[in-house]
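What follows is a short report on a single structure.
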Amino acid sequence: MKMSDCYELYQKYGALSDQGIAELTSADFQRRAQQQEEQEQKDEESEEKNLHEMRLRLRREQTLG
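Sequential numbering of the sequence shown, starting at 1, is according to the UniProt record's numbering.
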């Protein structure tokens, strides 16, 4: 994880120390970071699946057309 990713997560969850909000605990931050990574992985897999399905449809259309 890059430093910019960490900063974005802190911004997203409102845990920047200069905002006067209590910071997330290390465990909270790690859990949320893991959840975000899992969601990104699911999204990527879904996009790959959709792309594969579209390619198959195009091949079928080209074969039939």
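C-beta atoms are modelled at their ideal positions from N, C-alpha and C, and glycine is treated no differently.
> Are the segment 31–43 and the segment 1–11 in contact at 8 angstroms, needing three or more beta carbon pairs?
Replying inline: yes
>> Rounded to whole angstroms, what is the Cα-Cα separation between residue 54 and residue 26?
In response: 42 angstroms
> So what's residue 10 in DSSP terms, helix, strand or just coil?
Replying inline: helix
> Do you know offhand how far residue 13's Cα is from residue 2's?
Replying inline: 17 angstroms
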